[in-house]
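*Asks:* Structure incoming, see below.
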Amino acid sequence: VPLENGQPHLLQYDDFPPLNLRSNPNIIKPSLSIGPILPIELVRNNSTQLPYSSIGKNQKDNMVANKKVVPIPMKQVSYTNGVPRVQWTEEEVDRMNCIKNLQYAVVGKFSYGWTDLKELRAIIPQQCSINRYCKIGILRNKHALIRFDQHEDFINVMAKHIYYLLAKDGYSYTMRHLIYDAKFKVEEETTHAMAWISFLNLKPTFFVSESIFPLPTAVGKPLHLDMATINKTRPSCARVNVQVDLLVVFSKFVETKIVNEDTKESRIERVKIHYDMLPKYCLHCKRSFTREEIPEKGLDSQQGEYGEQQNKEAKKELENYQHRRKRNTKRH
């Protein structure tokens with residue numbers, strides 16, 4: 001694993017190439033939903049369908065769509081047991097996020113100190129490979145809110161689990177990033193994270209965007225494909241970057257059903273789902289852990305038998321990762 005500023009990287013750039021729409025104009029992305037609504041919620045709603053026809057739209061189209069969000073009506077104050085209260089719906093809160101350009105927002109968490117805000121605004125875009133404009137401000141103690149104007153910048157920053165920002169004083173400040181939503185709490189890390197998933201036995205016939213993107217909605221919110229899938233240079237499997245809820249029990253496969261309309265015959269095929277670089281969430285600590293950070297005592301991921309199974313899988317995944325890391329070190 002390569003080193004930078006004396007700190008280890010958790011991801012290989014060869015495996016997770018940064019997006020650059022200027023050099024790769026044919027990158028395919030699914031259309032974006034407003035706020036934290038996942039596509040699986042839209043799929044379950046029979047009156048709403050995912051607009052896959054707009055997958056190839058550029059960022060300007062997305063920005064124009066954001067400006068057309070229905071305004072939030074003015075609310076009246078009500079009183080409950082003498083306490084004033086203003087009430088909104090979840091759908092209205094999602095529209096607020098879109099109006100304030102928070103659908104591409106990331107919270108940078110500095111657990112071990114940070115430099116001043118002026119320097120953060122200078123070094124974060126430079127050292128996190130942010131190509132376009134972004135707004136950086138103090139959200140809460142040890143938390144900085146980063147708003148991106150471009151979807152590819154949001155994807156690039158979230159591709160790594162941790163950053164070591166080198167400041168003028170010579171120190172490297174650790175920044176972990178969290179996906180922002182309206183339910184964000186300073187004392188608790190969000191359960192939402194980004195992960196790569198692979199469909200190992202998916203046939204190349206289904207490598208078109210309209211076929212691939214419905215599959216990961218069984219897991220979470222699909223964001224984009226990797227370059228090998230887009231360029232069709234790796235027909236053995238398809239890889240998709242997905243926003244997931246770490247508290248959900250993840251499916252190990254998804255079924256596809258093909259129906260012959262003439263004979264009414266059908267066949268069902270199971271597509272295996274492989275999860276790459278999936279963080280684990282501890283309900284006791286209220287934070288997520290990478291494979292290197294998993295405590296020896298395990299994680300309180302879920303109550304009961306599922307929590308024990310998560311701990312076993314996490315420890316096994318850590319052992320496999322450490323073995324591959326030692327093997328790569330010997331090669332170099």
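Residue numbers (full-length UniProt numbering): 1 to 332. Idealized CB from N, CA, C, for every residue including glycine. Just so we're clear, the structure is a prediction, and the values are computed from it rather than from any experiment.
On the three-state DSSP scale, how would you describe T89?
*Replies:* To locate residue 89, count along the sequence shown from 1; it is residue 89. Three-state result, T89: coil.
*Asks:* Assuming Y275 and A218 form a contact by the criterion Cβ under 8 angstroms, report the distance between their Cβ atoms to the nearest whole angstrom.
*Replies:* As a working note, residue 275 is residue 275 in the sequence shown. As a working note, residue 218 is residue 218 in the sequence shown. Wrong, their Cβ atoms sit about 13 angstroms apart, outside the cutoff.
*Asks:* On a CA-only basis, which of E92, N97, R140, Y180 is nearest G113? Give me that one, please.
*Replies:* The sequence position of residue 113 within the sequence shown is 113, counting from 1. Comparing alpha carbon positions, the residue from E92, N97, R140, Y180 closest to G113 is R140.
*Asks:* Which residues bound the beta strand (DSSP E) around R234?
*Replies:* Taking the first residue of the sequence shown as 1, we reach residue 234 at position 234. Element bounds for R234: n/a, residue is neither H nor E.
*Asks:* Which first and last residues belong to the beta strand (DSSP E) in which Q243 is found?
*Replies:* Counting from one through the sequence shown, the residue named residue 243 turns up at place 243. Residues 238-245.
*Asks:* Is it the case that the Cβ atoms of F110 and T190 are separated by a distance below 8 angstroms?
*Replies:* The count along the sequence shown starts at 1 and reaches residue 110 at position 110. The count along the sequence shown starts at 1 and reaches residue 190 at position 190. Cβ distance not < 8 angstroms, so F110 and T190 don't count as in contact.
*Asks:* Which class does G220 belong to by DSSP, given the choice of helix, strand or coil?
*Replies:* To locate residue 220, count along the sequence shown from 1; it is residue 220. In the structure shown, G220 sits in coil (DSSP, three-state: anything other than H, G, I, E or B).
*Asks:* Below 8 angstroms on the Cβ atoms is my contact criterion, and I expect K75 with V86 to pass it. Report the Cβ-Cβ distance as a whole number of Å.
*Replies:* Residue numbering aside, residue 75 sits at position 75 when the sequence shown is read from its first letter. Residue numbering aside, residue 86 sits at position 86 when the sequence shown is read from its first letter. That belief holds up - the Cβ atoms of K75 and V86 are roughly 5 angstroms apart, short of 8 angstroms.
*Asks:* Please determine whether the Cβ atom of S288 lies at a distance below 7 angstroms from any heavy atom of the ligand NAP.
*Replies:* For the ligand NAP, the structure offers nothing, since it holds no ligand at all.
*Asks:* Only counting runs of 4 or more residues, tell me where the alpha helix (DSSP H) segments fall wholly within the stretch 102-157, in order along the chain.
*Replies:* 117-127
*Asks:* With a cut-off of 8 angstroms on the beta carbons, I'd call Q243 and I146 a contact; round off their distance for me.
*Replies:* Here residue 243 refers to the residue found at position 243 of the sequence shown. Here residue 146 refers to the residue found at position 146 of the sequence shown. The pair is not a contact, with the Cβ atoms about 16 angstroms apart (cut-off 8 angstroms).
*Asks:* Looking only at DSSP bridge pairs, what is D276 linked to?
*Replies:* The residue you call residue 276 lines up with position 276 of the sequence shown. Answer by DSSP bridge pairing, in chain order: W196.
*Asks:* When we look at the beta-carbon of P214 and count the other beta-carbons within 10 Å, is it buried (16 or more) or exposed?
*Replies:* Position 214 of the sequence shown, counted from the first residue, corresponds to residue 214. The residue is buried, with at least 16 neighbouring Cβ atoms inside 10 Å.
*Asks:* Please name the residue in E269, G137, S129 whose C-alpha comes closest to that of L117.
*Replies:* Translated into positions along the sequence shown, residue 117 becomes position 117. Ranking the options by Cα distance to L117, first place goes to G137.
*Asks:* With a CB to CB cut of under 7 angstroms and the five nearest residues on each side skipped, what residues in its chain are close to E202?
*Replies:* Counting from 1 along the sequence shown, the entry for residue 202 is found at position 202. According to the sequence as given, residue 202 is Leu; it is not Glu. Taken in chain order, the residues that qualify are C237, A238, V271.
*Asks:* Am I right that C128 and F148 are in contact with their C-beta atoms under 8 angstroms? What's the rounded C-beta distance?
*Replies:* For this step, residue 128 is matched to residue 128 along the sequence shown. For this step, residue 148 is matched to residue 148 along the sequence shown. Not a contact, Cβ separation roughly 10 angstroms.
*Asks:* Sorted by chain position, which residues of the same chain lie with C-beta nearer than 7 angstroms to F207's C-beta, five sequence neighbours on each side aside?
*Replies:* The sequence position of residue 207 within the sequence shown is 207, counting from 1. Close CB contacts of F207 within its chain, under the 7 angstroms cut and outside five residues either way in sequence, are with T229, K232, A238 (chain order).
*Asks:* Quick one, are the C-beta atoms of K286 and I273 less than 8 angstroms apart?
*Replies:* Within the sequence shown, numbered from 1, the residue matching residue 286 stands at position 286. Within the sequence shown, numbered from 1, the residue matching residue 273 stands at position 273. No. Outside cutoff.
*Asks:* Which residues does DSSP list as the beta-bridge partners of F253?
*Replies:* Translated into the one-based positions of the sequence shown, residue 253 becomes position 253. Answer is K272.
*Asks:* If we count the other Cβ atoms within 10 Å of its Cβ and call it buried at 16 or more, is N156 buried or exposed?
*Replies:* Working through the sequence shown from its first residue, we reach residue 156 at position 156. Counting Cβ neighbours within 10 Å, N156 comes out buried, since at least 16 surround it.
*Asks:* Going by Cα to Cα distance, which pick from E261, S198, I99 is closest to residue 344?
*Replies:* Here the chain has residues from 1 to 332 only, and residue 344 is not among them.
*Asks:* According to the Cβ coordinates, are H177 and V107 closer than 8 angstroms?
*Replies:* Along the sequence shown, read from residue 1 onward, the residue named residue 177 stands at position 177. Along the sequence shown, read from residue 1 onward, the residue named residue 107 stands at position 107. Their beta carbons are under 8 angstroms apart, which means H177 touches V107 by this criterion.
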